[in-house]
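Student: Residues in the sequence shown are numbered from 56 upward in steps of one, following this note's numbering.
By construction, the Cβ of each residue, glycine as well, lies at the ideal position given by its N, Cα and C atoms.
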Amino acid sequence: MTHTHLIGIGGTGLSAIAQVLLERGEVVSGSDRQSSPQSESVQAAGAKVTIGHAAENVTGADMVLRSSAVPDDNVEVQVALAANIPVVKRIDYFGDFLSDKNTIAIAGSHGKTTTSAMVAWMLTDLEIAPGFIVGGEVENLGKNATAGNSKYFVIEADEYDYMFWGISPEIAVVTNIEHDHPDCFPTKEIYATAFEGFADRITKSGVLILCLDDPGARGLSAYAKEKGIMVLSYSIENDQADYFANNYSPVPLAGYTFDVNKGNQKLTTASLQVPGKHNVLNALAALIIADIIGLDLISVAESLSKFTGAGRRFDILGEASSILIIDDYGHHPTEIKATLSATKVRYPNRRIWAVWQPHTFSRTLELLEAFGNSFVDADQVVITKVYAAREEAPATYSPEKLISAIDHENVF
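1) Report yes or no: do three or more beta-carbon pairs, one from the stretch 150-158 and one from the stretch 96-110, lie closer than 8 Å?
2) Just list the beta strand (DSSP E) runs in the stretch 244-313, keeping only unbroken ones of 3 residues or longer that don't cross its boundaries, in chain order.
3) Tell me, to the nearest whole angstrom, how far the beta carbon of Val142 is from that of Val130; I am working on the premise that it is less than 8 Å.
4) If you drop the 5 nearest sequence neighbours on each side, which residues of the same chain put their C-beta closer than 6 Å to that of Ala160?
5) Is it buried or exposed, Pro454, if we count other Cβ atoms within 10 angstroms and call 16 or more buried?
6) What distance in whole Å lies between the Cβ atoms of Gly271 and Glu233, which are believed to be in contact at a cut-off of 8 Å?
7) Give every residue of the same chain whose Cβ lies closer than 6 Å to the Cβ of Thr439, excluding the five residues on either side of it in the sequence, and list them in chain order.
8) Tell me the start and end of each unbroken alpha helix (DSSP H) in the stretch 132-195 that is at least 4 residues and wholly inside, in chain order.
9) Could you tell me the distance, in whole angstroms, from the CA atom of Asp216 to the CA atom of Ser377?
10) Between Ser417 and Glu446, which are expected to be in contact by the criterion C-beta below 8 Å, what is the C-beta distance as a whole number of angstroms?
11) What does DSSP give as the partner residues of Met56 in its beta bridges?
12) Determine the burial state of Val431: buried for a count of at least 16 other Cβ atoms within 10 Å of its Cβ, exposed for fewer.
13) Measure the CB-CB distance between Asp107 and His58 and report whether it falls below 8 Å.
14) Hey, Ala365 and Val189: beta-carbon distance below 8 Å or not?
15) Taking a contact to mean a Cβ-Cβ separation below 8 Å, would you say Thr394 touches Asp382 in this structure?
16) Taking DSSP as the reference, what is the three-state secondary structure of Lys103?
17) Counting only the same chain and skipping the five closest in sequence on each side, list residues whose C-beta sits under 8 Å from that of Leu77.
18) Taking Cβ to Cβ, would you say Ala172 is nearer than 8 Å to Gly203?
19) Buried or exposed: Gly63, going by 16 or more other Cβ atoms within 10 Å of its Cβ?
20) Would a C-beta distance cut-off of 8 Å place Ala254 and Ile284 closer than the cut-off?
21) On the three-state DSSP scale, how would you describe Asp382?
22) Anyone know if the C-beta pair for Val400 and Pro330 falls short of 8 Å?
23) Tell me whether the beta-carbon of Leu327 lies closer than 8 Å to the beta-carbon of Ala338.
24) Looking at the unbroken alpha helix (DSSP H) that takes in Gly68, where does it start and where does it end?
25) Would you tell me roughly how many angstroms separate the C-alpha atoms of Ala443 and Phe240, rounded to the nearest one?
26) Compare the C-alpha of Tyr296 against each of Lys361, His386, Arg368, Val286 and name the closest.
27) Quick check on DSSP: helix, strand or coil for Tyr217?
28) Compare the C-alpha of Gly85 against each of Ser70, Ala135, Ala375 and name the closest.
29) Less than 8 Å between the C-beta atoms of Ser358 and Leu181, yes or no?
30) Between the Cα of Phe426 and the Cα atoms of Thr389, Ile407, Tyr402, which residue gives the shortest distance?
31) Compare the Cα-Cα distances from Glu81 to each of Val104, Met56, Ser91 and report the closest residue.
32) What is the residue span of the beta strand (DSSP E) that Lys321 lies within?
33) Can you have a look at Pro92 and say buried or exposed, based on whether 16 or more other CB atoms are within 10 angstroms of its CB?
34) In angstroms with no decimal places, state the Cα-to-Cα distance between Ile264 and Glu111.
35) Run through the DSSP bridge pairs and tell me what Glu211 is partnered with.
36) Would you list the residues sitting across from Ser86 in a DSSP beta bridge?
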């Protein structure tokens with residue numbers, strides 16, 4: 056059995072890998088700066104977890120996997136390298152990790168967690184038993200990762216630190232491409248090129264599924280076709296797409312009902328619990344995957360109708376004194392706007408307070424202008440302190456600058 060040590064095991068990505076390794080019967084240890092629900096979960100599943108980094112933590116390891124947030128001078132990284140123990144990031148790890156699987160990789164600036172969760176749930180509900188790693192809990196399944204018992208493995212393909220370049224999928228989805236993570240991709244051109252690299256890694260017999268409604272994805276479609284990659288498109292706006300949803304209408308206190316078409320042929324009608332037109336697009340991508348692998352689409356639509364969401368994506372926490380609390384991880388301008396739009400459609404008679412915690416100074420400053428009209432569907436906007444993550448506050452940032460950028464009369 057291989058012993059893998061994970062530095063940063065408390066994060067969403069590495070804890071998910073740890074869970075899969077444990078289910079495969081491997082020896083797993085790991086460390087992190089502080090305890091988290093994720094580190095506690097993998098510890099309960101059988102991993103040896105240490106809080107704090109120390110040289111002795113890597114003793115006995117055959118391989119060290121490090122989070123992108125772990126610096127080169129980390130003591131465990133240094134000790135492992137000195138002992139000739141391979142130290143890798145996810146980009147260099149996934150090749151072996153997924154080598155015997157038909158990989159379904161879901162990428163994109165927005166929607167990849169929910170789409171990955173939809174596909175994982177759909178295949179599980181239809182008793183295909185896929186492996187999967189998703190960036191949030193699949194609510195229907197109560198977990199975000201499992202080893203699975205079939206040839207299929209669903210993975211959320213994160214672009215940060217070029218992680219998705221380590222994956223060679225048979226089926227790849229790109230939901231959209233809109234500049235994000237400016238600390239890693241300084242310009243929108245560099246960001247778009249990263250997705251071209253992802254497309255280049257699709258297997259020769261593989262297929263790239265793209266949203267025709269997104270300008271960035273359309274650009275990638277042109278690139279992929281020039282490279283001879285098979286491309287399938289989907290849309291809710293353009294009936295020239297390979298797959299097209301129409302006749303969509305909102306369902307009270309739920310999502311949308313819509314027809315799914317392939318060319319001029321109606322395939323099925325689907326109905327979602329999760330709100331927002333963006334989730335119609337996410338479901339279309341899932342339905343295309345099902346069609347490619349030969350599933351009955353009426354059964355697939357039934358599975359998707361039971362999908363309740365992914366963790367921290369329009370997550371209804373509860374209601375007190377007639378105040379409904381919804382938690383959503385979206386922190387890009389487009390994500391915020393889509394979430395608030397979905398909220399307004401689902402709850403047309405409620406006042407909406409948007410309490411926003413900006414995520415990193417680099418993203419907030421780079422996308423400052425785009426945040427301006429993200430809150431049009433909110434009645435009140437409350438902005439908290441920036442979640443800095445790896446960053447220090449630059450001199451160019453001030454709360455007043457952020458507030459003045461938001462085009463809303465009730466912001467504080």
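Tutor: If we stick to the structure as given:
1) no
2) 262-266, 285-290, 298-305
3) For the purposes of this step, residue 142 is identified with residue 87 of the sequence shown, where counting begins at 1. For the purposes of this step, residue 130 is identified with residue 75 of the sequence shown, where counting begins at 1. The pair is not a contact, with the Cβ atoms about 12 Å apart (cut-off 8 Å).
4) Your numbering for residue 160 matches position 105 in the sequence shown. Closer than 6 Å at the Cβ level, and outside the excluded window around Ala160, lie Ile210, Ala212, Ile222, Pro224, Ala227.
5) As a position in the sequence shown, residue 454 is number 399, starting the count at 1. Burial call: exposed.
6) Indexing the sequence shown from 1 puts residue 233 at position 178. Indexing the sequence shown from 1 puts residue 271 at position 216. With 8 Å as the limit, Glu233 and Gly271 qualify as a contact, their Cβ atoms being about 6 Å apart.
7) If you number the sequence shown from 1, residue 439 lands on position 384. Excluding sequence neighbours, Thr439 sits near Gln412.
8) 145-152, 167-180
9) Counting from 1 along the sequence shown, the entry for residue 216 is found at position 161. Counting from 1 along the sequence shown, the entry for residue 377 is found at position 322. So the alpha carbons of these two residues sit roughly 43 Å apart.
10) As a working note, residue 417 is residue 362 in the sequence shown. As a working note, residue 446 is residue 391 in the sequence shown. Right, their Cβ atoms sit about 6 Å apart.
11) Mapped onto the sequence shown, residue 56 falls at position 1. DSSP output for Met56 lists no bridge partner at all.
12) Locating residue 431 in the sequence shown gives position 376, counting from the first residue. Under this definition Val431 is an exposed residue.
13) Translated into positions along the sequence shown, residue 107 becomes position 52. Translated into positions along the sequence shown, residue 58 becomes position 3. One detail in the question is off: residue 107 reads as Gly in this sequence, not Asp. Result no, Cβ atoms of Gly107 and His58 do not sit closer than 8 Å.
14) Working through the sequence shown from its first residue, we reach residue 365 at position 310. Working through the sequence shown from its first residue, we reach residue 189 at position 134. Result yes, Cβ atoms of Ala365 and Val189 sit closer than 8 Å.
15) Along the sequence shown, one-based indexing puts residue 394 at 339. Along the sequence shown, one-based indexing puts residue 382 at 327. Not a contact, by the Cβ cut-off of 8 Å.
16) To locate residue 103, count along the sequence shown from 1; it is residue 48. It is a strand residue.
17) Here residue 77 corresponds to residue number 22 of the sequence shown, with the count starting at 1. The residues are Val83, Val97, Ala100, Gly101, Ala102.
18) On the sequence shown, residue 172 is found 117 positions in, with the first residue counted as 1. On the sequence shown, residue 203 is found 148 positions in, with the first residue counted as 1. Against a cut-off of 8 Å, the Cβ pair of Gly203 and Ala172 comes out as no contact.
19) Translated into positions along the sequence shown, residue 63 becomes position 8. With 16 or more Cβ atoms within 10 Å of its Cβ, Gly63 is classed as buried.
20) Residue numbering aside, residue 254 sits at position 199 when the sequence shown is read from its first letter. Residue numbering aside, residue 284 sits at position 229 when the sequence shown is read from its first letter. Yes, these two residues count as a Cβ contact at 8 Å.
21) Indexing the sequence shown from 1 puts residue 382 at position 327. In this structure, Asp382 counts as strand in the three-state DSSP scheme.
22) Numbered from 1 along the sequence shown, position 345 holds the residue referred to as residue 400. Numbered from 1 along the sequence shown, position 275 holds the residue referred to as residue 330. Contact: yes.
23) What you label residue 327 is simply residue 272 of the sequence shown in a count that begins at 1. What you label residue 338 is simply residue 283 of the sequence shown in a count that begins at 1. Yes, the pair counts as a contact, with Cβ atoms nearer than the cut-off.
24) Looking up residue 68 in the sequence shown gives position 13. 67-78 is the span of the alpha helix (DSSP H), which, as asked, contains Gly68.
25) Sequence index remark: in the sequence shown, residue 443 carries index 388 (1-based). Sequence index remark: in the sequence shown, residue 240 carries index 185 (1-based). Ala443 and Phe240: Cα-Cα distance of roughly 17 Å.
26) For the purposes of this step, residue 296 is taken as residue 241 along the sequence shown, with counting starting at 1. Here residue 296 is Ala; the residue named in the question, Tyr, does not match the sequence. Nearest option by C-alpha distance: Val286.
27) Residue numbering aside, residue 217 sits at position 162 when the sequence shown is read from its first letter. Three-state DSSP puts Tyr217 in a helix.
28) By one-based count along the sequence shown, residue 85 stands at place 30. For the residues Ser70, Ala135, Ala375, the minimum Cα distance to Gly85 belongs to Ser70.
29) Start at 1 with the first residue of the sequence shown, and residue 358 comes out as number 303. Start at 1 with the first residue of the sequence shown, and residue 181 comes out as number 126. Yes, the pair counts as a contact, with Cβ atoms nearer than the cut-off.
30) As a first step, residue 426 must be located in the sequence shown, where it is residue number 371. Nearest option by C-alpha distance: Thr389.
31) On the sequence shown, position 26 is the one that residue 81 refers to. Of Val104, Met56, Ser91, the residue nearest in Cα terms is Met56.
32) Against the sequence shown, residue 321 aligns to sequence position 266. First-last of the beta strand (DSSP E) with Lys321: 320-326.
33) Within the sequence shown, numbered from 1, the residue matching residue 92 stands at position 37. By the neighbour-count rule (16 or more Cβ atoms within 10 Å), Pro92 is not buried but exposed.
34) Residue 264 sits at position 209 when you count from the first residue of the sequence shown. Residue 111 sits at position 56 when you count from the first residue of the sequence shown. Roughly 45 Å between the two C-alpha positions.
35) Against the sequence shown, residue 211 aligns to sequence position 156. In DSSP, Glu211 forms a bridge with Ile161.
36) Position 31 of the sequence shown, counted from the first residue, corresponds to residue 86. The partner list for Ser86 (beta bridge, DSSP) reads Ile62, Thr105.
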